[in-house]
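Top line first, the protein sequences correspond to chains C and W.
Here the numbering used here = 1-based position in the first sequence + 4.
Here the numbering used here = 1-based position in the second sequence + 153.
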Amino acid sequence: MSDTSEGVLQATTRADWQTDQEVRWCPGCGDYSILTALQLLMPDLEVLREDTVFISGIGCAARFPYYMNTYGIHGIHGRAPAIATGLAMSRPDLHIWVIGGDGDMLSIGGNHLIHALRRNVDLNILMFNNQIYGLTKGQFSPTSEVGKVTKSSPVGLIARPFNPVSVALGAEATFVARTHDMDRGHMQETFRRAHEHPGAAFVEVLQNCNVFNDGAFAAITKRDAREEMLIDLRHGEPILFGSDRQYGVIGFDGAVAIAEVAEVGLEAVLIHDETRSDPSRAFALSRLAETPTTPTPIGVFRAVEHEEYGTGIRGQVDDVQSHEGLGDLDELLHSLPTWEV
Amino acid sequence: MTETTTAETSNEVERVIIRFAGDSGDGMQLTGDRFTNASALAGNDLSTLPDFPAEIRAPAGTLAGVSAFQVQISDHDITTPGDAPEVLVAMNPAALKSELHRLVAGGTLIINTDTFDERNLDKAGYDHDPLASDDLDGYQVIRVPMTSLTKEACKDLGVKPRDADRSKNFFALGLVSWMYSRPVEPTLEWIDVKFAGKDLVIGANRAAFNAGHAFGETAELGDQRVVVRPAPLQPGTYTNITGNIALAWGLIAASRLSGCPLFLGSYPITPASDILHELSRHKRFGVITFQAEDEIAAIGSALGAAYGGRLGVTATSGPGVALKSETLGLAVSLEIPMILVDIQRGGPSTGLPTKTEASDLMLAMHGRHGEAPLPIVSANTPADCFYMAIEAARIALTHRTPVILLSDGYLANSSEPWLLPDLASLAPIPVEFATGPNQTNEDGDGVFWPYLRDDLLARQWAVPGTPGLMHRIGGIEKEDGTGNISYDPENHRHMVDLRRARVQRVEVPDAEVAGVEDPDLLMVGWGSTWGAITGAVGRACRAGHRVGHVHLRHLNPLPANLDDLLGRSEKVLVPEMNLGQLSQILRAEYLVDARTVSKVTGQPFTAAELDGIIREALDV
Numbered sequence: 005m006s007d008t009s010e011g012v013l014q015a016t017t018r019a020d021w022q023t024d025q026e027v028r029w030c031p032g033c034g035d036y037s038i039l040t041a042l043q044l045l046m047p048d049l050e051v052l053r054e055d056t057v058f059i060s061g062i063g064c065a066a067r068f069p070y071y072m073n074t075y076g077i078h079g080i081h082g083r084a085p086a087i088a089t090g091l092a093m094s095r096p097d098l099h100i101w102v103i104g105g106d107g108d109m110l111s112i113g114g115n116h117l118i119h120a121l122r123r124n125v126d127l128n129i130l131m132f133n134n135q136i137y138g139l140t141k142g143q144f145s146p147t148s149e150v151g152k153v154t155k156s157s158p159v160g161l162i163a164r165p166f167n168p169v170s171v172a173l174g175a176e177a178t179f180v181a182r183t184h185d186m187d188r189g190h191m192q193e194t195f196r197r198a199h200e201h202p203g204a205a206f207v208e209v210l211q212n213c214n215v216f217n218d219g220a221f222a223a224i225t226k227r228d229a230r231e232e233m234l235i236d237l238r239h240g241e242p243i244l245f246g247s248d249r250q251y252g253v254i255g256f257d258g259a260v261a262i263a264e265v266a267e268v269g270l271e272a273v274l275i276h277d278e279t280r281s282d283p284s285r286a287f288a289l290s291r292l293a294e295t296p297t298t299p300t301p302i303g304v305f306r307a308v309e310h311e312e313y314g315t316g317i318r319g320q321v322d323d324v325q326s327h328e329g330l331g332d333l334d335e336l337l338h339s340l341p342t343w344e345v
Numbered sequence: 154m155t156e157t158t159t160a161e162t163s164n165e166v167e168r169v170i171i172r173f174a175g176d177s178g179d180g181m182q183l184t185g186d187r188f189t190n191a192s193a194l195a196g197n198d199l200s201t202l203p204d205f206p207a208e209i210r211a212p213a214g215t216l217a218g219v220s221a222f223q224v225q226i227s228d229h230d231i232t233t234p235g236d237a238p239e240v241l242v243a244m245n246p247a248a249l250k251s252e253l254h255r256l257v258a259g260g261t262l263i264i265n266t267d268t269f270d271e272r273n274l275d276k277a278g279y280d281h282d283p284l285a286s287d288d289l290d291g292y293q294v295i296r297v298p299m300t301s302l303t304k305e306a307c308k309d310l311g312v313k314p315r316d317a318d319r320s321k322n323f324f325a326l327g328l329v330s331w332m333y334s335r336p337v338e339p340t341l342e343w344i345d346v347k348f349a350g351k352d353l354v355i356g357a358n359r360a361a362f363n364a365g366h367a368f369g370e371t372a373e374l375g376d377q378r379v380v381v382r383p384a385p386l387q388p389g390t391y392t393n394i395t396g397n398i399a400l401a402w403g404l405i406a407a408s409r410l411s412g413c414p415l416f417l418g419s420y421p422i423t424p425a426s427d428i429l430h431e432l433s434r435h436k437r438f439g440v441i442t443f444q445a446e447d448e449i450a451a452i453g454s455a456l457g458a459a460y461g462g463r464l465g466v467t468a469t470s471g472p473g474v475a476l477k478s479e480t481l482g483l484a485v486s487l488e489i490p491m492i493l494v495d496i497q498r499g500g501p502s503t504g505l506p507t508k509t510e511a512s513d514l515m516l517a518m519h520g521r522h523g524e525a526p527l528p529i530v531s532a533n534t535p536a537d538c539f540y541m542a543i544e545a546a547r548i549a550l551t552h553r554t555p556v557i558l559l560s561d562g563y564l565a566n567s568s569e570p571w572l573l574p575d576l577a578s579l580a581p582i583p584v585e586f587a588t589g590p591n592q593t594n595e596d597g598d599g600v601f602w603p604y605l606r607d608d609l610l611a612r613q614w615a616v617p618g619t620p621g622l623m624h625r626i627g628g629i630e631k632e633d634g635t636g637n638i639s640y641d642p643e644n645h646r647h648m649v650d651l652r653r654a655r656v657q658r659v660e661v662p663d664a665e666v667a668g669v670e671d672p673d674l675l676m677v678g679w680g681s682t683w684g685a686i687t688g689a690v691g692r693a694c695r696a697g698h699r700v701g702h703v704h705l706r707h708l709n710p711l712p713a714n715l716d717d718l719l720g721r722s723e724k725v726l727v728p729e730m731n732l733g734q735l736s737q738i739l740r741a742e743y744l745v746d747a748r749t750v751s752k753v754t755g756q757p758f759t760a761a762e763l764d765g766i767i768r769e770a771l772d773v
């Protein structure tokens with residue numbers, strides 16, 4: 005079954021969302037599992053393929069649109085959020101996904117990312133973070149850790165990295181989440197939430213580059229480490245983790261910290277509230293792990309509702325049109341003082 | 154004191170050039186603008202030249218802070234704001250010092266004497282008082298204590314003296330309005346509307362205007378009063394229009410003619426910002442404007458909107474074009490219709506933000522990496538910006554290509570009377586979106602190939618939301634037809650050739666020769682030099698010289714008959730506000746000995762300058 009009959013939603017399968025293009029990522033790349041997760045999820049989202057657009061910049065992740073049987077633009081480095089903003093403002097009927105990597109979105113395109121988030125444009129922005137430049141063969145990225153030795157930092161990286169979730173929260177994004185490429189179910193649930201969110205949704209996907217930065221997240225994402233190292237944020241629930249949920253996140257010294265529940269008591273453990281208007285708590289959570297080697301929160305950090313940008317802009321147009329009527333070109337040309345000869 | 158002088162006893166003149174000059178805070182642009190509008194309503198032909206500093210408020214009283222507005226009004230068809238002013242209004246010593254050299258010998262000086270104190274003289278760099286020296290010998294000097302007369306006029310209104318001081322430009326306007334027999338009502342009405350709700354300001358400005366007008370009547374200025382009769386313009390309804398407003402309206406018209414809603418992505422930049430301002434006001438036309446975070450996002454958003462089936466436009470000036478270059482290249486590769494408007498200004502770098510130059514032709518032509526040709530059009534006059542905006546849209550939408558529209562700071566801010574067009578005379582711009590498959594695959598199923606082409610070599614515009622036409626496009630080289638990524642050497646050669654051929658398919662009207670058709674000297678120009686070249690060629694022809702004028706509004710591709718036209722004249726001169734960019738193109742394309750006449754002072758050519766150059770070239 006497919007959705008080819010015009011404008012009518014019919015059941016689709018993963019195959020309907022795949023293209024005939026050969027997927028050209030390195031064997032073993034984390035991008036494959038993200039692609040699979042999304043292709044499998046799309047039939048469940050109840051959207052038409054022709055109403056779906058994938059827009060990307062440049063980088064390994066940015067090849068994504070070629071593999072989705074939707075509309076798509078493989079754009080230029082860093083600019084995908086800008087291109088997508090113009091499309092989203094003009095075409096509210098579309099579901100627009102923006103795909104990029106950490107270099108694309110936090111280095112060359114950092115400005116566009118924060119402004120798309122600040123404005124709350126209706127976009128689902130997936131940032132595949134592998135903490136390295138892959139397509140240019142192994143330079144450090146804006147999320148690489150201090151001291152990292154790469155081709156462009158042979159004696160170690162000086163600058164501190166961006167924490168993508170912190171950046172997004174700093175821009176007061178209305179939806180901010182983190183997931184990882186080793187857990188299809190978690191990815192799908194997170195992507196679904198991003199899709200359902202009205203406004204800009206930002207998802208950091210921890211993604212393994214097995215060629216240039218293999219195992220960057222292994223300490224927290226490999227199967228036997230997850231229970232102890234991933235803090236799965238669930239709205240309305242105490243923030244607990246560990247094999248026996250023996251650890252909890254508590255408020256501490258104006259920020260948050262990890263404690264043993266046995267020591268502090270369950271009542272001291274914070275209840276996660278993704279709808280808090282003030283992003284400070286979510287920001288504090290994003291600071292829990294400085295590097296992906298200590299317990300790291302995943303899931304939805306923040307999900308609040310604010311006016312979507314395009315809706316506001318088009319609303320102004322609609323308001324003016326309904327109060328003052330549609331524009332009349334002849335009237336416009338005569339709107340400054342005129343005289344007859 | 155003489156009695157009131159009436160119009161019947163005044164001198165009639167064919168035209169006059171007036172320059173208002175004062176401090177940036179003195180409201181000279183507004184004064185010039187009001188005088189211009191009153192003159193337009195009086196039926197004169199006119200042309201204006203605003204000339205102001207980049208600083209919003211340079212230190213008061215300094216030379217750097219001088220803001221000027223020149224206007225020529227005439228009883229016949231004119232094309233420039235005039236060569237040298239015959240009347241100079243100087244509101245302070247700095248204005249006198251910086252502008253006096255422009256005034257014709259024997260010209261009239263109207264000076265606000267109140268500002269000629271030691272402090273202001275010092276700030277202007279005078280070591281003496283020019284009013285008390287022989288500096289002004291040879292000019293007709295009208296000394297008016299404008300500040301104190303304005304304060305006096307306002308004193309019974311309850312206006313504070315400091316606030317009254319701010320109305321002195323209206324005193325100057327009133328005086329000059331009297332001297333040139335301008336109707337007063339339009340200005341008084343304008344004051345009421347402009348300052349509605351601020352009764353004290355209305356009162357002060359009206360009082361100052363009336364006092365200036367009365368000063369002309371009651372002081373012994375009778376022999377100064379002149380009349381400039383209405384110009385015999387083509388019948389119809391006229392409005393006085395600046396280039397940026399005309400351009401914004403042209404984009405709205407193009408949106409109407411094509412049925413494509415207008416989307417403007419822009420970032421504030423002088424002298425293009427007025428296009429953003431103007432289009433932001435016209436939501437009734439469904440226009441969406443987006444003030445982006447930077448120039449790159451501005452064009453990115455326009456490209457995104459164009460991808461969604463909108464008339465995507467970005468407006469900027471040179472520095473912005475440099476930043477947009479990569480996205481323009483993407484638009485060339487994606488073969489998507491959109492418009493980049495470049496209101497050129499002095500460069501390089503920040504250069505002269507408020508002064509004009511036309512030095513982005515090579516940037517428009519070649520300012521992208523790789524072979525990335527695109528059509529380029531330019532406007533001749535402020536009103537022509539309206540028509541060339543429509544032309545840019547017609548080319549973009551018909552050929553599915555990005556188009557660059559060149560204007561400049563002079564056209565942007567100067568104004569001219571515009572005979573409003575009959576809307577029915579504007580040709581519709583047909584736009585067809587792809588609605589179904591355009592190819593059959595091996596299994597006999599209909600499929601969509603995004604890079605399949607029509608006779609114009611344009612690919613179809615298949616917008617998201619259209620069932621069955623899902624496709625992916627990108628900046629990587631693609632196979633012609635299918636649009637699939639291709640690194641094949643022959644395909645790339647084919648695509649490079651094809652992108653050039655696509656631009657060459659753009660239909661361009663033949664260039665026309667003004668003046669003498671088979672001239673001894675051919676003047677070739679583009680952009681805002683039209684007015685000065687037209688004026689100079691007209692003078693030369695009236696003097697019996699065989700001079701012709703070709704003005705190019707299409708710069709890529711060039712008109713097909715240009716080769717022939719260039720061959721008709723032994724001498725070809727190309728006046729340009731750059732170091733010879735068009736002449737370089739003409740030499741390369743046509744092996745013609747085109748000589749550059751360059752002006753890069755931030756000021757437009759005057760007809761007198763070009764008149765001299767023509768005489769020199771003809772050795773007459």
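Cβ atoms here follow ideal geometry from the backbone N, Cα and C, with glycine treated the same way.
CB contact below 8 Å: residue i versus chain C
{"i": "I441(W)", "result": "yes"}
{"i": "P774(W)", "result": "Since the first residue shown for chain W is 154 and the last is 773, residue 774(W) is missing from the structure and cannot be characterised."}
{"i": "E524(W)", "result": "no"}
{"i": "A693(W)", "result": "no"}
Opposing strand residues paired with residue i [DSSP bridges]
{"i": "D561(W)", "result": "Q497(W)"}
{"i": "M72(C)", "result": "Q22(C)"}
{"i": "V207(C)", "result": "L130(C), A181(C)"}
{"i": "Y251(C)", "result": "F245(C), E264(C)"}
{"i": "L237(C)", "result": "G303(C)"}
is_contact[residue i, chain W] using C-beta, thresh 8 Å
{"i": "E267(C)", "result": "no"}
{"i": "P146(C)", "result": "no"}
{"i": "T8(C)", "result": "Note that T8(C) has pLDDT 47, beneath the 50 cutoff, so the model's placement of it is unreliable and no number is given."}
{"i": "H78(C)", "result": "yes"}
{"i": "T342(C)", "result": "yes"}
{"i": "N73(C)", "result": "yes"}
{"i": "N115(C)", "result": "yes"}
Top-ranked residue by Cα proximity to residue i, from the options
{"i": "F221(C)", "options": "V171(C), A293(C), P283(C), V207(C)", "result": "A293(C)"}
{"i": "I231(W)", "options": "R740(W), R692(W), E762(W), V725(W)", "result": "R692(W)"}
{"i": "G678(W)", "options": "D671(W), V666(W), A654(W), V649(W)", "result": "V666(W)"}
{"i": "I129(C)", "options": "I59(C), Y313(C), P341(C)", "result": "I59(C)"}
{"i": "L253(W)", "options": "D179(W), A174(W), R315(W)", "result": "A174(W)"}
{"i": "I398(W)", "options": "L386(W), L415(W), E431(W)", "result": "E431(W)"}
Within 8 Å, strictly: CB atoms of residue i and residue j
{"i": "P490(W)", "j": "A511(W)", "result": "no"}
{"i": "M482(W)", "j": "G523(W)", "result": "In the sequence under discussion, the amino acid at residue 482(W) is Gly, which differs from the Met named in the question. Cβ distance < 8 Å, so G482(W) and G523(W) count as in contact."}
{"i": "L527(W)", "j": "V485(W)", "result": "yes"}
{"i": "A407(W)", "j": "I543(W)", "result": "yes"}
{"i": "G697(W)", "j": "A760(W)", "result": "no"}
{"i": "L199(W)", "j": "V240(W)", "result": "no"}
{"i": "G680(W)", "j": "L505(W)", "result": "no"}
- Message: Which complete beta strand (DSSP E) runs does the region 270-354 of chain W hold, if anything under 3 residues is left out?
- Response: 293-297
- Query: What beta strand (DSSP E) runs, 3 residues minimum, are completely inside the region 28-59 of chain C?
  - Reply: none
- Unbroken alpha helix (DSSP H) runs of length 4 or more, entirely within the region 668-717 of chain W: which are they? 683-695
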